[in-house]
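To start, the structure under review is shown below, and the notes come after it.
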Amino acid sequence: MTRILSLEKEYDVAFAEAAALLRKGGVLIYPTDTVYGIGGDARDLKVVERVRKIKGKKEQVFSVILGGVGMVGEYAVTEGKAMQYVLESFPGATTLLLKSKKELPVVRVGKIGVRVPEHIFMRRLSLELGMPIITTSANRSGETAPTDFAEIEKSVMEEADLAIDGGKTLHGMSSTVVDVEEEKVLRSGAGRIPFTELAGEY
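Structural data, given as structure tokens:
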């Protein structure tokens, strides 16, 4: 049975147990500023494959949560315009698709999706562990992304090792996704679209 901890009532315990779990290659359900996520260490192929199995999509590529702007440059190219996008978007409810610096199991065609969310819990975990954390909505592929802990399907919950209950998410919708190289909005969501020229085109 999946262990559930309340962020409001048991923050310190939740943080300590989540950190220990991620270090040993476990799978965590967690709140963000947008929707509930499910993930683990993005550098660990076994963890990536396990999350893919839970999602029900064998070849799915995932974005990663990073602890702050300073971590983005470790995993993605942030020269020129890319850094402007990073500074304009983070922390926030936007996912940026950037050129990848490292060969990670979550990377496809040389690009990596990066998030630095407004929600401090996951930022702090990533920063203190020095870990890129898989971020994908805590639902089966094709189903509605949960924006409240109570909306997470039992079948998904049972597949995780630990679940953090943070109540309702701040924005109640998925992140905005922007391909920086193409300067194109791939999905309009909770995040502000960086740069007025992009906003005007979408």
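Under the working numbering, the sequence shown has 173 at position 188, and the numbering climbs by one with no breaks. Where a beta carbon is used, it is the ideal one built from N, C-alpha and C, also for glycine.
Cβ neighbour criterion (16 or more within 10 Å) applied to residue i
{"i": "Glu144", "result": "buried"}
{"i": "Ser126", "result": "exposed"}
{"i": "Thr129", "result": "exposed"}
{"i": "Gly77", "result": "buried"}
{"i": "Leu72", "result": "exposed"}
{"i": "Met(-14)", "result": "exposed"}
Residue i (DSSP reduced to helix, strand or coil)
{"i": "Tyr21", "result": "coil"}
{"i": "Asp(-3)", "result": "helix"}
{"i": "Val200", "result": "Only positions -14 to 187 of the chain appear in the structure, and residue 200 is not among them; the question remains open."}
{"i": "Ala148", "result": "strand"}
{"i": "Lys139", "result": "helix"}
{"i": "Val101", "result": "coil"}
Extent of the continuous beta strand (DSSP E) to which residue i belongs
{"i": "Arg109", "result": "Run containing Arg109: none in the beta strand (DSSP E); it sits in the alpha helix (DSSP H), 105 to 114."}
{"i": "Val170", "result": "169 to 172"}
{"i": "Lys84", "result": "79 to 84"}
{"i": "Ser122", "result": "118 to 122"}
{"i": "Val162", "result": "161 to 164"}
{"i": "Arg(-12)", "result": "-12 to -9"}
Of all the beta strand (DSSP E) runs that stay within the bounds of the region 4 to 69, which reach a length of 3 or more residues? 13 to 15, 22 to 24, 48 to 50
Hey, is the region 134 to 148 in contact with the region 165 to 172, meaning 3+ C-beta pairs nearer than 8 Å? no
When you compare the region 55 to 73 with the region -1 to 10, are there three or more beta-carbon pairs, one atom per stretch, that lie closer than 8 Å? no
Can you find at least 3 beta carbon pairs, one from the region 27 to 37 and one from the region 83 to 91, that sit closer than 8 Å? yes
Could you tell me whether the region -10 to 1 touches the region 93 to 101, using the rule of 3 or more Cβ pairs below 8 Å? no
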